[in-house]
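K.L.:
Top to bottom, those sequences are chains A and B.
Under the working numbering, residue 292 is the last one in the first sequence; the count climbs by one each step, no gaps.
Under the working numbering, residue 1123 is the last one in the second sequence; the count climbs by one each step, no gaps.
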Amino acid sequence: MTSILEIKDVSKQYNDFSLKKINITLEKGYVMGFIGPNGAGKSTTIKLIMNLIKKDSGKINIFGFDNEKNEIKVKERIGFVYDENNFYEELTIQEMKNIVKRFYKQWNEDLFLFYLKEFSLPINKQIKDLSKGMKMKFSLAIALSHHAELLIMDEPTSGLDPLVRKELIDILRSIMEDENKAVFFSTHITSDLEKIADYITIIDNGEIILSRPKDSLLEEYCIIKGSKDILTPSIRTSLIGIEDNKYGFKALYNKKTGNLKSLVNSLIFEKTTIEDILLFTTKRGENYVSSY
Amino acid sequence: MDILISNSSDKPIYLQIVNQIKRHISSGNLIEGEPLPSIRNLAKELEISVITTKRAYDELENDGFINTIPGKGSYVASINTELLQENKKSIVEGKICEAILLAKSIGLSLKDLIKIMSILYEE
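1. Answer with buried or exposed for E167 of chain A, where buried requires no fewer than 16 other C-beta atoms within 10 angstroms of its C-beta.
2. Please confirm if S186 of chain A has its CB atom under 8 Å from at least one CB of chain B.
3. Relative to the alpha-carbon of L279 of chain A, which residue among A:V31, A:A40, A:F17 and A:L5 has its alpha-carbon at the smallest distance?
4. Less than 8 Å separating the beta-carbons of A295 of chain A and G79 of chain A?
5. Which residues of chain B have a Cβ atom closer than 8 Å to the Cβ of V31 of chain A, listed in chain order?
6. When we look at the beta-carbon of P156 of chain A and count the other beta-carbons within 10 Å, is it buried (16 or more) or exposed?
7. Where does F112 of chain A sit, in a helix, a strand or coil, going by DSSP?
8. Which class does D229 of chain A belong to by DSSP, given the choice of helix, strand or coil?
9. Could you run through the stretch 22-49 of chain A and flag, in chain order, every residue whose CB is less than 9 Å away from some CB of chain B?
10. Would you mind stating whether V100 of chain A and K55 of chain A have Cβ atoms separated by less than 8 Å?
11. Just curious, the beta strand (DSSP E) that P213 of chain A is in, first and last residue?
12. In the DSSP assignment, the alpha helix (DSSP H) including G79 of chain A goes from what residue to what residue?
13. Should K71 of chain A be flagged as near chain B, meaning a C-beta pair shorter than 8 Å?
14. Quick check on the burial criterion: 16 or more other C-beta atoms within 10 angstroms. Buried or exposed for D1197 of chain B?
15. Does chain A have any CB closer than 8 Å to the CB of I1041 of chain B?
16. Cβ of V74 of chain A within 8 Å of Cβ of L172 of chain A?
17. Between N1067 of chain B and S1026 of chain B, how many whole angstroms is the CB-CB distance? I'm expecting something under 8 Å.
18. In this structure, does DSSP put Y1057 of chain B in helix, strand or coil?
19. Tell me which residue opens and which closes the beta strand (DSSP E) that F185 of chain A is part of.
20. Of the choices B:I1096, B:G1107, B:G1071 and B:Y1075, whose alpha-carbon is the least far from that of I1021 of chain B?
21. Which residue's Cα is closest to the Cα of G33 of chain A: A:I230, A:D215 and A:L267?
22. When DSSP builds the beta bridges, which residues end up paired with L239 of chain A?
23. Would you mind telling me which residues of chain B sit closer than 7 Å to A197 of chain A, beta carbon to beta carbon, in chain order?
24. Please confirm if K1037 of chain B has its CB atom under 8 Å from at least one CB of chain A.
25. Skipping 5 residues on each side, what residues in its chain have a beta carbon closer than 6 Å to that of T282 of chain A?
26. Name the one or two DSSP bridge partners that G248 of chain A has.
27. Under 6 Å Cβ to Cβ from K1054 of chain B, same chain only, skipping five residues before and after it: list those, please.
28. Please list the terminal residues of the continuous alpha helix (DSSP H) segment that includes I22 of chain A.
29. Along chain A, which residues have their Cβ under 8 Å away from the Cβ of K1044 of chain B?
30. Can you name the residues that DSSP bridges to C1097 of chain B?
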């Protein structure tokens, strides 16, 4: 089976930042959350997928096609939702839609009107007068009205209130009832991912730290707390992102690969979250231990 | 059919689904040949990811509780009564384990525990 999105050994060099041979694969039918600190390379990666900037090396296949050679063909089938507004502010929803729809062969006007109603978007309102949530929903309505099979979203939930975020997640859920679709989205709000993502990919400093099913991450990793006395060098190597204070330490631990079984009784094990995994695996400083 | 997911439970979500569907089948709430919700619909309703429900269904299929026909959906399998009995027994064992742990924590002896059990059983 061909993947809906395949990024292979892609590099991009800037003066002060580089994306180092990254690999990401997403199968159709699933949602992948793409997370990492600011400046880690999330937007650069998304721009490369959308062919808005040129890669130095590597390959990006979408629906099995090279995204540069088949740009138009590929983009017809992608819905792109961007954090910043990429529409003409002075136009109304109606006018903007009339411009955009000409780019898509598969445009479905009835479907667009259905989503306008569903998302409560006022068709005659100027885009500059829309709230942030409405702009995001307008982008989404456009994406859905040309039957996009792959939704690529760059921080769609940032700056949105919890209600609108829940609305977006619910919309994504109904999209995912169709097993031929896939969603790739970057975000800072990891709690959104816990609700919907099938896969989590963490990027830091231009490198992919991990890219795995969310459930197995949450099962394998845990937060561990204990006395600093047990922190021998060999124990340190099986802990990730050790944080200590006067009265003890805290770290991320992989139950599957770690070797702390003998110390189980003197340690506290707690369930972890995607946010913890992000924070501990991308921690800066001398305690930084990568397990990958 | 009720399926209730606890996010604070130590049990992984897929396992919670597996156990609850097994219980529905054992109790006769779900009968042989009855269709189950699709993986994607269940994920949507329970507000969890698709991969989680998929794993639950895979597990149920491996354990012989459901059959999945590609492109059509999943159905309650014909369960042999032995398997059903075995499954119910393991539920009983789990409950007894809980009781034993609690008993130990308050220093109740095995003898006392058995005594309580016998009285309750006869009721």
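Note that beta-carbon positions come from the ideal geometry of N, C-alpha and C, so glycine has one too.
P.N.:
So, from the data block:
1. buried
2. no
3. A:A40
4. The question about residue 295 of chain A has no answer here: the residues shown for chain A are numbered 1 through 292.
5. Here the neighbours are S1049 and V1050.
6. It counts as buried.
7. Helix, per DSSP.
8. D229 of chain A falls in the helix class under three-state DSSP.
9. G29, Y30 and V31
10. no
11. E207 to P213
12. Taken as a continuous stretch (DSSP letters only), G79 of chain A belongs to no alpha helix (DSSP H), being part of the beta strand (DSSP E) at I78 to V81.
13. Looking at the sequence shown, residue 71 of chain A is not Lys but Glu. It does not; no Cβ of chain B falls within 8 Å.
14. The question about residue 1197 of chain B has no answer here: the residues shown for chain B are numbered 1001 through 1123.
15. Per the sequence shown, the amino acid found at residue 1041 of chain B is Asn instead of Ile. Yes, contact with chain A.
16. no
17. N1067 of chain B to S1026 of chain B, Cβ: 17 Å. No contact.
18. helix
19. A182 to S186
20. It is B:Y1075.
21. A:D215
22. According to DSSP, which records beta bridges pairwise, L239 of chain A is partnered with A:Y253.
23. S1049
24. A small correction: the amino acid at residue 1037 of chain B is Pro; Lys does not occupy that position in the sequence shown. Not an interface residue.
25. P37 and D204
26. In the DSSP output, where bridge partners are listed per residue, G248 of chain A has A:N245.
27. I1039
28. I22 of chain A -> not in any alpha helix (DSSP H); beta strand (DSSP E) instead, spanning S18 to L26.
29. R173, S174, M176 and E177
30. Answer is none; C1097 of chain B lacks a bridge partner.
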